[in-house]
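First up is the structure itself, then whatever we jot down about it.
Numbering (the numbering used here), first residue to last: 148 to 226.
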């Protein structure tokens, strides 16, 4: 049985260009505030780029980013 190849993250520029709009809309849907959503979206991408080693490649990049987004929003509201 062949296992599908693991995905690799693209460069940071490509990652942001490709997924920024989706992540922003996702975060905006959770926080309902444009300014806060912009700030949290920036945090999501900073965490994703810094935590690139946590991406195992067995899920879609978008799924992984949305998980980072959920955790970032939850963390914000816990403060």
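The beta carbon of each residue, even a glycine, is placed where N, CA and C say it ideally should be.
- Cβ contact annotation for residue 198 (same chain, cutoff 8 Å, sequence separation greater than five): 215, in chain order.
- Counting only residues of its own chain and dropping the five nearest sequence neighbours on each side, residue 167 has a CB closer than 8 Å to the CB of 188, 192.
- DSSP, read as helix, strand or coil, puts residue 176 in helix.
- By the Cβ neighbour-count rule, residue 219 is buried, with 16 or more other Cβ atoms within 10 Å of its own.
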